[in-house]
């Protein structure tokens with residue numbers, strides 16, 4: 006496994022991030038524990054989750070699965086850089102009660118204590134804001150985080166799904182307050198088929214020293230060899246990939262992508278991950294394996310070297326938007 010610093014911090018993290026969103030809803034607890042053991046054995050030390058994972062009436066279930074894994078001992082907790090998130094409503098399913106969601110100081114305090122209890126740990130390495138809160142000023146948010154840092158419950162703070170201007174705003178407020186390190190990472194939607202983050206989000210992250218953690222690196226399976234699997238009858242296309250492939254232009258684009266990789270003898274899913282690892286500012290993509298085989302495929306991507314010819318071909322098929330403001334001004 007290869008490692009890098011998380012943004013401008015001294016924290017070393019693996020170039021692959023283990024996403025746990027499937028733990029509970031799609032992968033049972035025993036298999037989830039086996040995947041985490043395999044990831045740790047392979048050197049992946051960066052695990053990502055969120056308080057709402059498990060969804061619906063099972064919100065919090067994923068954190069509990071991770072907590073039960075930590076409780077097995079063997080140095081599991083000490084070896085893991087643990088990231089979770091706050092924002093979503095954690096009240097009983099269907100019940101929306103004031104101050105049980107978003108980023109008010111009272112909800113942050115409540116949410117972190119609940120996450121710590123489910124995760125069966127006394128600290129969170131990276132506490133991420135799952136979405137912007139348009140009604141809570143950053144002065145209040147940073148005051149709440151400062152308290153948690155002083156209490157030893159949180160070490161670093163990060164953002165998720167933030168636009169570039171909110172990254173700037175958050176860190177400018179942190180700088181004015183003094184003594185607050187501010188955001189150290191941004192978790193955003195970013196992959197070959199969805200490159201809008203290159204316009205504003207990633208440049209802002211780089212300027213402010215945030216590590217970029219792309220989610221959905223295969224774009225809901227679209228970049229994982231979906232057409233080849235259709236032909237082989239190995240998997241029925243569903244969800245975001247099926248919706249995208251309904252557009253003939255997208256289907257033709259994906260076919261060109263798979264043909265290019267077939268020509269170079271590279272597996273599509275591994276190429277999509279390896280491409281992200283070449284991108285400026287990227288700490289590591291989040292991979293959410295449901296099986297040990299999917300984890301093994303992701304691990305191969307870390308060692309995969311993409312030729313200049315292949316990288317050029319990928320850019321031709323999936324051209325980025327270009328830098329801002331040129332991308333939209335001229």
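Numbering (this note's numbering), first residue to last: 6 to 335. For every residue, glycine included, the Cβ atom is placed at its ideal position computed from N, Cα and C.
Notebook entry, point to check: Quick one: what does DSSP say residue 18 is sitting in, helix, strand or coil?
Noted result: strand
Next item on the list: Would you please verify whether the beta carbon of residue 106 is less than 9 Å from any beta carbon of chain B?
Entry: Chain labels in this structure do not include chain B; a single protein chain is all it has.
Note to self: Determine whether the beta carbon atoms of residue 349 and residue 262 lie at a separation below 9 Å.
What the structure shows: Because the chain spans 6 through 335 in this model, residue 349 falls outside it and cannot be assessed.
Check: Can you tell which of 55, 313 and 130 has the C-alpha that lies nearest to the C-alpha of residue 95?
Finding: 55
Next item on the list: Give me the Cα-Cα distance between residue 310 and residue 274, rounded to the nearest whole angstrom.
Entry: 14 Å
Next item on the list: Could you tell me which residues DSSP puts in a beta bridge with residue 9?
Entry: 18
Margin query: So for residue 75, helix, strand or coil by DSSP?
Written below: helix
Checklist line | Alpha carbon of residue 126 to alpha carbon of residue 160, nearest angstrom | finding: 13 Å
Note to self: Between which residues of its own chain and residue 312 is the CB-CB distance below 8 Å, once the five residues before and five after are set aside?
What the structure shows: 269
Note to self: For residue 294, tell me which candidate among 8, 29, 14 and 15 has the shortest Cα-Cα distance.
What the structure shows: 29
Check: For residue 175, which three-state DSSP category applies?
Finding: helix
Note to self: One question on the structure: do residue 192 and residue 220 come within less than 9 Å of each other, judged by their Cβ atoms?
What the structure shows: yes
Notebook entry, point to check: If we call anything under 9 Å between Cβ atoms a contact, is residue 117 one with residue 129?
Noted result: yes
Next item on the list: Could you tell me the distance, in whole angstroms, from the CA atom of residue 288 to the CA atom of residue 162?
Entry: 15 Å
Checklist line | 9 Å Cβ cutoff met for residue 201 and residue 326 | finding: yes
Next item on the list: In angstroms with no decimal places, state the Cα-to-Cα distance between residue 8 and residue 334.
Entry: 38 Å
Check: To which residues of the same chain is residue 169 closer than 6 Å at the C-beta, ignoring the five residues directly before and after it?
Finding: 205, 206 and 209
Notebook entry, point to check: Along the chain, where does the beta strand (DSSP E) that runs through residue 34 open and close?
Noted result: Here residue 34 belongs to no beta strand (DSSP E); instead the alpha helix (DSSP H) covers 34-46.
Next item on the list: Rounded to whole angstroms, what's the CA-CA distance from residue 337 to residue 256? Just pull it up for me.
Entry: The displayed coordinates of the chain run from 6 to 335. Any statement about residue 337 would go beyond what the structure contains.
Check: CB residue 73 to CB residue 38, shorter than 9 Å?
Finding: yes
Notebook entry, point to check: Between residue 53 and residue 88, is the Cβ-Cβ spacing less than 9 Å?
Noted result: yes
Next item on the list: Put residue 127 into one of helix, strand or coil per three-state DSSP.
Entry: coil
Next item on the list: Please classify residue 243: is it buried, with 16 or more other beta-carbons within 10 angstroms of its beta-carbon, or exposed?
Entry: exposed
Next item on the list: Compute the beta-carbon to beta-carbon distance between residue 259 and residue 232, rounded to the nearest angstrom, for a pair I have assumed lies under 8 Å.
Entry: 6 Å
Notebook entry, point to check: Quick one: what's got a C-beta closer than 6 Å to residue 306's C-beta in the same chain, skipping five residues either side?
Noted result: 275, 278 and 279
Item checked: DSSP beta-bridge partners of residue 164 -> 134 and 191
Check: residue 26: buried (16+ other C-beta within 10 angstroms of its C-beta) or exposed?
Finding: buried
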